[in-house]
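To start, the structure under review is shown below, and the notes come after it.
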Amino acid sequence: MPVQRLRGERLQIMLAAEELVLVDDFRFKKRMPSRAAAVRELFKRGLAAEGFLTAAPGSKSSDFGIMGKPQNGRRSPHKHKDDEAAPKA
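Per my numbering, the very first residue in the sequence shown carries number 3; after that it's consecutive.
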């Protein structure tokens, strides 16, 4: 018999339509039974990831989307190739 997990806490998040498409695409590609299961799996993978971005002081929730390049509110703990100075001539 499967283990029953009690999930007594609710977490509500707002996503742009394009972000929800990405979540749903992940869900169907990985054959997840629900959006909630897909989001929990994405959380698990994100929490286990190394080299993630950290929030800059004063950043806002709107600075953190799931599409495209990092916005102004985020910074990387590691140097990025675009951060390197151009070679001196």
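Glycine included, each C-beta is placed from N, C-alpha and C at the ideal position.
Rounding to the nearest angstrom, what Cα-Cα distance links residue i and residue j in this structure?
i   : j   : result
K62 : R12 : 22 Å
F54 : V5  : 32 Å
A57 : D65 : 9 Å
L17 : G10 : 22 Å
R37 : R47 : 15 Å
R33 : M69 : 22 Å
P35 : A50 : 22 Å
Q14 : V25 : 15 Å
K31 : E52 : 24 Å
Out of the options, state which residue places its alpha-carbon closest to the alpha-carbon of residue i.
i   : options               : result
L44 : L22, T56 and P59      : L22
R7  : A39, A58 and R47      : A39
G67 : G10, E20 and R9       : E20
D27 : I15, M16, V41 and Q14 : V41
Is it buried or exposed, residue i, if we count other Cβ atoms within 10 angstroms and call 16 or more buried?
i   : result
R29 : buried
Which same chain residues, not among the five before or five after residue i, have their C-beta less than 6 Å away from its C-beta?
i   : result
G60 : none
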